[in-house]
Amino acid sequence: MLVAQGDHVAFETLYDALAPAVYGVTLRVVQQPAQAQEVAQEVLLEVWQQAPRYERSRGSVRTWVLTIAHRRAVDRVRSAQAATDREARAAATGGTVPHDHVVEEVQGHLDSEEVRRCLQSLTPVQRESVVLAYYGGHSYPEVARLLDAPLPTVKTRLRDGLIRLRDCLGVTA
Amino acid sequence: VNADLHSLSGAYAVDALDADERGAFEAHLRQCETCRDEVAELHATAARLGDATASTPPPQLREDVLAQAKVTRQDSPLAPVTPIDAIRSRRMLWLAGVAAAAVVVAAGLGVVAYRADQRADQLAVADQQIEQVLSDPEATSQTLPVVGGGQGTLVVSPGTDQGLLVTAGLASAGPDRTYQLWAISKGAATSLGLLPAPRDGTSAKVFVLPGGTATFGMTVEPAGGSPQPTTEPVLLADLSA
């Protein structure tokens, strides 16, 4: 990766290829555009800084970058202030987050027909767990609460749901 | 416990663990190659979910990111990111600093760069001896496998007549056993002391290295150590070069 050698032109190319996905992830998880932009900026700068440490053996550049993006977006929504805001919003809408809507809304907006179809091939609990955790940025105990399901069930469904998605999408690392 | 930890791979891949569990799982990942493979695939799967929700960012983002990149230095390629995170989560900050430094040394940059940076600032217990050894510009290092698993990085500082051993992935010496370090010259072994019991495979020990030591060795001895080695060395390093 040329970016790893400090090549700014290469970094522009990488930006153009990956920024929409990075911003898409942070926007989906963080929800507020201004904050999503902030997080996306941190992520892309981190990619620049850490590019020399990227190891091909651990996966594609796209996976590496989107893994950072998701982690940072989740860090943001779990920070104390954000958690308070979230609770306030939940309280304002009657105490619980309408998770069915989250799941439907997310699926309605996905660009990829293949991802939509593969999500559809999961069991409802697998699908809801994966969507709430990945797109909603919820921790698995939060997912368990939202779905009113036992913790170990959610843990297991997240794993077997992702494995099923992996197989359906033909993903290799 | 391992089976239980293993089932966290899905939650880990979508960042659904809290900080403590994340740390515990990452420590587990270091020991478990199949888990690493699985996580790599699940991260790749999660990335597909991310791709599917792409959204055109505001043009300002591009300007800001590219401008900032121009004035931001890139990190050194050699610092081990993942093991450090895992060790950190076990609150072994000082060892993390040492391990990072030692790996930089071991990577053969030619210069012993003690990358103290922010990490060392956080070190409540910065070990002066370790710092001395690592900051000796004449210091040399070698990384060798340990019989029974893991590896040891030996740093020798001619300027201070001291040596430092840092281990990674080292198994416990066993019940009532300890790792003991030796300087060996002309067939005679001199004890350099006992290695503190590894935590998460990591341990470190600074010792005074007698001049003219030909070989450095590590053996497993009964708790408390032995006056002379009683078992075959699990690590030997040639210092004569």
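So the protein sequences, as listed, match chains A and B.
For the first sequence, position 7 (counting from the first letter as 1) is numbered 322 according to my numbering, and the numbering increases by one without interruption.
For the second sequence, position 116 (counting from the first letter as 1) is numbered 404 according to my numbering, and the numbering increases by one without interruption.
Ideal placement from N, C-alpha and C gives every residue a C-beta, glycine not left out.
Integer-rounded CB distance, given that residue j should sit under 8 Å from residue i
| i | j | result |
| --- | --- | --- |
| A:L480 | A:C433 | 5 Å |
| B:A312 | A:H385 | Not a contact, Cβ separation roughly 20 Å. |
| B:A502 | B:I472 | 6 Å |
| B:Q362 | A:A325 | Contact flag wrong, Cβ pair sits at about 12 Å. |
| A:V445 | A:A459 | Between A:A459 and A:V445 the Cβ distance is about 14 Å, and since that is not below 8 Å, they are no contact. |
| B:L349 | A:Q352 | 6 Å |
| B:G451 | B:F495 | 6 Å |
DSSP-derived helix/strand/coil call for residue i
| i | result |
| --- | --- |
| A:Y369 | coil |
| B:A334 | helix |
| A:L437 | coil |
| A:L359 | helix |
| B:E531 | Here chain B covers residues 289 to 529 and nothing more, so residue 531 of chain B does not appear. |
| B:A440 | Rather than Ala, the amino acid found at residue 440 of chain B in this sequence is Gly. Residue state, collapsed to three classes: strand. |
| A:Q347 | coil |
| B:S297 | helix |
| B:G499 | coil |
| B:T428 | strand |
| B:W382 | Note that B:W382 scores a pLDDT of 39, beneath 50, so its modelled location is shaky; the value from the coordinates is reported in the next line. Residue state, collapsed to three classes: helix. |
| A:S444 | helix |
| B:S423 | helix |
| B:P517 | coil |
| A:D475 | helix |
| B:P433 | strand |
| B:R310 | helix |
Reference residue i; option with closest CA among the options
| i | options | result |
| --- | --- | --- |
| A:T438 | A:R472, A:A459, A:A464 | A:R472 |
| B:P486 | B:G457, B:V327, B:T478 | B:G457 |
| A:G321 | A:R368, A:P467, A:Y450 | A:R368 |
| B:T360 | A:E357, A:V421, A:L317, A:L447 | A:E357 |
| B:P530 | A:Q441, A:G476, A:Y338 | In this structure chain B extends from 289 to 529, so residue 530 of chain B is not present and cannot be described. |
| B:A459 | B:P446, B:G438, B:W470 | B:G438 |
| B:P510 | B:G462, B:A477, B:P521, B:A476 | B:G462 |
| A:I383 | A:Q347, A:H453, A:L360, A:V446 | A:L360 |
| B:G489 | B:R318, B:T322, B:T431, B:G512 | B:R318 |
| A:D482 | A:V430, A:S394, A:L466 | A:V430 |
| A:S427 | B:G338, B:L305, B:T519 | B:G338 |
| B:T344 | A:A334, A:G423, A:Q365 | A:A334 |
| B:V508 | B:F495, B:L453, B:L523, B:A476 | B:L523 |
| B:P446 | B:P498, B:L453, B:L482 | B:P498 |
| B:A355 | A:V469, A:E327, A:R377, A:A319 | A:E327 |
| A:L484 | B:Q516, B:V496, B:A332 | B:A332 |
Beta-bridge partners of residue i, as assigned by DSSP
| i | result |
| --- | --- |
| A:R378 | Rather than Arg, the amino acid found at residue 378 of chain A in this sequence is Thr. For A:T378, which the question treats as bridged, DSSP gives no partner whatsoever. |
| A:Y338 | Answer by DSSP bridge pairing: none, since A:Y338 is not bridged. |
| B:K493 | B:L453 |
| B:Y467 | B:L483, B:V508 |
| B:A477 | B:I472 |
| B:D526 | B:T503 |
### Message
Taking beta-carbon pairs under 8 Å, can you tell me which members of the segment 292 to 321 of chain B lie near chain A?
### Response
Within the segment 292 to 321 of chain B, the residues whose Cβ lies closer than 8 Å to any Cβ of chain A are, in chain order, S295, L296, S297, G298, A299, A301, V302, D303, A304, L305, D306.
### Query
What residues in the segment 411 to 445 of chain A bring their beta carbon closer than 9 Å to a beta carbon of chain B?
V421, H424, L425, D426, S427, E429, V430, R431, C433, L434, S444, V445
### Query
Using a Cβ cut-off of 9 Å, which residues of the segment 340 to 362 of chain B contact any Cβ in chain A, in chain order?
A340, T341, A342, S343, T344, P345, P346, Q348, L349, R350, D352, V353, L354, Q356, A357, K358, T360, R361, Q362
### Query
Between the segment 455 to 478 of chain B and chain A, which residues of the former have a C-beta closer than 8 Å to a C-beta of the latter?
none
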